[in-house]
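Trainee:
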Amino acid sequence: MDLIGPATVVSVAYIDPGNFGANIAAGSAYGLDLLWVVWLSGLLAIMYQYISGVLGLESGVGLLDHLKARLRPLWPLYVPALFAVALATDLAEFVGLIIAFELLLGLPVYLAAFLGSIDVILLLVLGDRGRAYFAAIGVLASVVGLSFLIELVLVRPDLLSVAYHSLVPALGGGVALYAASIVGATIMPHALLLHSHIVGGLDRRVHRTQTLYNLGIASAVNAAMQIVAAYALYGKAIQISTVPKILEPLYGPLAGLAFSIALLSSGLASSAVSVQAGALILERTLGREVARYKARLFFRLINIVPTAAILAAGLNPLDLLVYTQVVLSMVLPMVLLPLVAFARPYMSKKLAAAAYAAGAFVILIDLLTLV
């Protein structure tokens with residue numbers, strides 16, 4: 049069975065720089081205490097992505113079209129929320145690219161910001177067919193996974209401790225913000241929207257297998273991010289740009305280089321999903337087709353000045369990455385609950401009940417963040 053398909057494209061969203069920020073911040077602040085959130089969020093992402101694909105397969109219509117047609121009175125409320133999602137994902141990728149170019153090339157912020165728009169140029173050159181682009185995306189995603197495999201080998205975590213914190217929930221004071229950022233970074237509303245639009249005519253069993261395989265790997269990479277942060281960065285005051293400097297004395301130059309390359313690859317690879325989702329959002333808002341590079345350029349131009357200013361001012365970009373993922377978590381219920389309702393005729397009662405219950409969990413995490 050072919051394991052590469054629409055779920056492969058969607059899974060790339062789960063290793064974007066926002067995931068770096070959420071997992072590194074959580075691991076450095078709380079060790080392995082939030083590792084269970086990573087695995088639980090990964091399981092929920094698999095479930096919701098499966099449902100999203102089923103909706104597209106069975107109804108022949110993507111989730112955005114369902115939202116616009118069936119919740120028309122609420123559509124004016126959805127437009128700013130969806131734009132916030134597109135801006136937050138673009139911002140996380142842009143910040144990741146800027147920092148990666150700073151680390152790898154030693155560039156000042158303004159030059160790194162210029163190079164950080166390389167994904168726009170790639171989309172312009174490759175056009176909207178994107179076959180070569182998605183081939184490159186697959187390679188970049190593999191680089192991210194390999195880089196964190198190297199980090200795990202170098203860090204040598206205690207496997208019993210990892211297993212314990214993967215299974216035993218801990219949600220002490222002050223962790224809700226980080227938990228919400230992990231949920232937002234892992235389930236990701238724009239990826240859910242996209243899957244229903246690109247699933248095509250797959251057999252449902254193939255769709256299920258591809259979703260389990262690709263998102264399972266993405267979840268493991270996320271867990272690896274937090275494990276590395278817990279063992280290498282716990283208790284340290286860090287910025288994401290200082291992570292390689294901390295890793296190198298402890299584990300050698302390969303650790304720092306692998307992290308920087310993974311961050312660059314992550315920012316470039318995850319553009320595949322956010323660009324397509326951003327184009328869909330613009331198309332449904334404007335009522336006409338929008339080229340992917342134009343969609344990326346639109347959101348990037350909005351983000352470029354404030355992002356460069358924030359980084360140039362010396363503010364911690366790790367905080368910026370965390371908050372972008374919290375924004376995604378806050379918007380998630382607006383996507384999850386209609387998704388389950390629209391797909392209800394195509395799935396079992398047990399799956400629908402589980403999906404609604406998981407939606408309640410997401411809402412609870414969001415509410416705890418606001419308290």
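The numbering used here numbers the first residue of the sequence shown as 49 and each following residue consecutively. Beta carbons: idealized from backbone N, C-alpha and C, even for Gly.
(1) Quick check: residue 326 and residue 134, are their CB atoms within less than 7 Å of each other?
(2) Check whether the Cβ atoms of residue 55 and residue 258 lie closer than 7 Å to each other.
(3) Can you tell me where the alpha helix (DSSP H) holding residue 209 begins and where it ends?
(4) Considering only their Cβ atoms, is the gap separating residue 155 from residue 317 smaller than 7 Å?
(5) Taking residue 116 as part of the alpha helix (DSSP H), name the residues at either end of that continuous run.
(6) Exposed or buried, which one is residue 336 when buried takes at least 16 other CB atoms within 10 Å?
(7) Can you find at least 3 beta carbon pairs, one from the segment 223 to 230 and one from the segment 70 to 79, that sit closer than 8 Å?
(8) Mind checking which residues open and close the alpha helix (DSSP H) that includes residue 100?
(9) Roughly how many whole angstroms lie between the Cα atoms of residue 82 and residue 330?
(10) Can we say the segment 100 to 111 touches the segment 231 to 249, given the rule of at least three CB pairs closer than 8 Å?
(11) Residue 287 by DSSP, collapsed to three states: which one?
(12) Does the beta-carbon distance from residue 152 to residue 387 come in below 7 Å?
(13) Would you kindly check if the distance between the Cβ of residue 240 and the Cβ of residue 383 is under 7 Å?
(14) Can you tell me whether residue 253 is buried or exposed, with buried defined as 16 or more other CB within 10 angstroms of its CB?
(15) So, is residue 248 buried or exposed, given that buried needs 16 or more other C-beta atoms within 10 angstroms?
(16) Compare the C-alpha of residue 426 against each of 122, 58, 50 and name the closest.
(17) For residue 416, which residues in the same chain have their Cβ closer than 6 Å to its Cβ, ignoring the five residues on either side in sequence?
(18) Counting Cβ pairs closer than 8 Å, one from the segment 116 to 135 and one from the segment 405 to 412, do we hit at least three?
(19) Just to confirm before moving on: does the CB-CB distance between residue 200 and residue 272 stay below 7 Å?
(20) Is it true that the CB of residue 64 sits closer than 7 Å to the CB of residue 140?
(21) Quick one: grab the DSSP three-state call for residue 374.
(22) Let me check understanding here. Comparing Cα to Cα, which of 320, 354, 237 lies closest to residue 186?
(23) At 3 residues or longer, and completely inside the segment 338 to 418: list those beta strand (DSSP E) runs for me, N to C.
(24) What is the rounded straight-line gap between the Cα of residue 178 and the Cα of residue 283?
(25) How many angstroms separate the CA atom of residue 145 from the CA atom of residue 192?
(26) Put residue 68 into one of helix, strand or coil per three-state DSSP.
(27) Taking all protein chains shown into account, decide if residue 352 is buried (16 or more other Cβ within 10 angstroms of its Cβ) or exposed.
(28) Could you have a look at residue 178 and say whether DSSP puts it in helix, strand or coil?
(29) Unbroken alpha helix (DSSP H) runs of length 4 or more, entirely within the segment 217 to 255: which are they?
(30) Kindly list the residues whose CB is nearer than 6 Å to the CB of residue 85, restricted to its own chain and excluding five residues on each side of it in sequence; keep chain order.
(31) Report the residue from 306, 165, 285 whose alpha carbon sits nearest the alpha carbon of residue 342.
Mentor: In short:
(1) yes
(2) In this structure, residue 258 lies closer than 7 Å to residue 55 by Cβ.
(3) 207 to 215
(4) Residue 155 sits away from residue 317, with the two beta carbons spaced by 7 Å or more.
(5) If you look at residue 116, you'll find it in the alpha helix (DSSP H) that goes 111 to 118.
(6) The residue in question, residue 336, is exposed, as its Cβ has fewer than 16 Cβ neighbours within 10 Å.
(7) yes
(8) 83 to 107
(9) 35 Å
(10) Contact between the segment 100 to 111 and the segment 231 to 249 is established, with three or more Cβ pairs separated by less than 8 Å.
(11) In this structure, residue 287 counts as coil in the three-state DSSP scheme.
(12) It is not a contact, given that the beta carbons lie outside the stated cut-off.
(13) yes
(14) exposed
(15) exposed
(16) In the structure as shown, the chain starts at 49 and stops at 419, and residue 426 therefore has no counterpart that could be examined.
(17) Exclusion of the five residues before and after residue 416 leaves 224 as the residues of its chain whose Cβ lies within less than 6 Å of its Cβ.
(18) no
(19) yes
(20) yes
(21) Here residue 374 sits in helix by DSSP.
(22) 320
(23) none
(24) In this prediction, residue 178 has a pLDDT of 49, which is less than 50 and means its spatial position is unreliable; what the coordinates show is noted afterwards. Each residue's Cα considered, the two are about 43 Å apart.
(25) 14 Å
(26) helix
(27) With 16 or more neighbouring CB atoms inside 10 Å of its own CB, residue 352 falls in the buried class.
(28) In this prediction, residue 178 scores a pLDDT of 49, lower than 50, which makes its location untrustworthy; the coordinate-derived value is nonetheless stated afterwards. Note: residue 178 maps to coil in three-state DSSP.
(29) 224 to 235, 237 to 246
(30) 227, 230
(31) 165
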